[in-house]
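Encoded as structure tokens, the structure appears first; notes follow it.
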Amino acid sequence: MQISAKVAEQMNAQIGNELGASNQYLQIAAFFEARALHKLAEFFFKQSEEEREHAMKFLRFLLETGAPVHIPAVPAPNAQIETAERAFEMSLNWEKEVTRQIYTILETAIQEKDYASQQFLQWFVEEQVEEVSTMENMLEIVRQAGEKNLLMIEAYLLHGA
């Protein structure tokens, strides 16, 4: 194995975290789709796919470095989504949590002098800056528009947010 066993263990856990995020975004997409807010649903379907792609990046890296792969169980997503604002608050909180998780893995890679993993994780560090920023912006837009004006957000997304 070319990477630290500790880092490999954390990356395996992160595969589950990313798949859990993917499922949560599917749940949020379903919330919007059921309300005929198709662009908001599309936004979260895309987020779901990105999270699955992140899980696959970790999986492929583990395989490429000869590390064992142990995909963990993924808890069911939270279906208690009452409002668009709540959906984006949940999403922002999740992206901040994922950022913390990535930093923890990176800190371990630094402590373990696992240079390959450090290099690999830099992509995720940059990605999380974008993800948190996107969710912060969308939450602010939803708050400004308010629940009664979600069609304005649909139009905003339609024209390339």
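Using my numbering, the letters of the sequence shown correspond one by one to residues 16 to 176. Idealized CB from N, CA, C, for every residue including glycine. The structure displayed is predicted, hence computed values, not measured ones.
Assigned with DSSP and collapsed to three states, Thr98 falls in coil, not helix or strand. For Asn27 and Pro87, the gap between their C-alpha atoms comes out near 7 Å. For Glu110, the closest of Lys21, Gln29, Ala20 and Gln25 by C-alpha to C-alpha distance is Gln29. The region 91-155 contains, as complete alpha helix (DSSP H) runs of 4+ residues, the segments 99-126 (chain order). Pairing Ile18 with Ala131, the inter-Cα distance amounts to about 7 Å. Taking a 10 Å sphere around the C-beta of Gly81, we find fewer than 16 other C-beta atoms and assign the residue as exposed.
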